Amino acid sequence: NWKLTNYIDKTISEIRERVGDNKVILGLSGGVDSSVAAVLIHRAIGDQLTCIFVDTGLLRKDEGKKVMDNYGEHFHMNIKLVDASERFLSKLAGVDDPEAKRKIIGNEFIHVFDEESHKIEGAKFLAQGTIYPDVIESQSVNGPSAVIKSHHNVGGLPEEMDFELLEPLRELFKDEVRKVGEELGIPHHLVHRHPFPGPGLGIRILGAVDAEKVRILQEADDIFIEELYKNDLYEKVSQAFVVLLPVKSVGVMGDERTYEYTAVVRSANTIDFMTATWSRLPYEFLDTVSSRIINEVRGINRVAYDISSKPPATIEWE
Ligand code: XMP
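Residue numbers for the sequence shown, in the UniProt record's numbering: 192 to 509.
Structural data, given as structure tokens:
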């Protein structure tokens, strides 16, 4: 695709010219935008780029490992993985209000990122995967980079966070970002991932969050997503995930009575995420997902399917 390679070449030379010999840091979330931005910038300036990946402990199962494999190993990028899960979980202990949880996670993210970015000596630029719709809305909803961005929009970056912004995807729409990503050699499934909210599983575990609930939800969610791929349904829905309710109910397993948590399977179809309908997933498929979750995930004995549209419901549960 001539137009696409042209765009990539032009952007790469612009990045080289602007950055010179300086260092760039980028908050890599594993999402589409920050990943494409990272690979593009890496193509331009190689090891002058350092990515910071913050494991909040609220990510999907094995996300940190996957990011290191996909981008560290495969693209040979410098990625610093910061395991901050304990910090996030201890700050969240006992907090059940959704907005309070969001605030804690957002603040903690900024703290960790700020700390880590200062360990990278002489970094002059902060790169972000801001895309055109973010520029218009200015308040993007997806990805940790959005956390920095909205913070930045509200009060400016913290004083010490004195970076110049580098945003090579600013003019692109999502489908264009995906095309650029594929052209750069990022596998199809990675550039077609569903969006994942900055607060992550923190807002998909209803009520108070703890390590055990994170483990339970990660397992259940992983099964649902795996089955969507296996049955060629992943790209037919816009966003799919599992929610963990703090409600226990009675079940029976073998001849034992169980008393465990309820998981809700959620899948939405939408164009703009402002309105959405619930995905009409086949009953047989839902049956497989339900059986697998109940049989394989210790701690869940009941699965419900969310059949609410937006509005009046939202896509997330918190
Ligand atoms: P709702 O639940 O409002 O979600 O229908 C619409 C889209 O926004 C995402 N979302 C968030 N993303 N931080 C984010 O980065 C948040 O606090 C947040 N809340 C919702 C949600 O995943 C969906 O794509």
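Think of the CB as a built atom: it goes at the ideal place given N, C-alpha and C, for glycine as much as any other residue.
As the structure is a prediction and not an experimental result, all values here were calculated from the model.
Rounded to the nearest angstrom, what separates residue i and residue j at their Cα positions?
i	j	result
I485	I491	6 Å
A411	Q430	15 Å
H265	V434	32 Å
K427	F300	32 Å
F316	N261	24 Å
V227	V371	7 Å
E367	N460	20 Å
R384	G255	15 Å
Is it the case that the Cβ atoms of residue i and residue j are separated by a distance below 9 Å?
i	j	result
Y323	R361	yes
E205	P359	yes
I296	L249	yes
I243	V258	no
L375	L217	no
I203	A229	no
V455	W508	yes
G393	F304	no
I407	R489	yes
Regarding residue i and the ligand XMP, is the C-beta to nearest heavy atom distance less than 8 Å?
i	result
G211	no
R293	yes
P503	no
G389	yes
F279	no
F300	no
I498	no
Could you give the DSSP three-state label for residue i: helix, strand or coil?
i	result
D274	strand
E355	strand
V230	helix
G255	helix
S204	helix
I506	coil
I396	strand
D288	coil
Comparing alpha-carbon positions, which option in the options lies nearest residue i?
i	options	result
T453	I236, D497, K421 and E475	D497
residue 538	T241, V382 and N192	With the chain covering only 192 through 509, there is no way to say anything about residue 538.
L419	S281, K194, G391 and H380	H380
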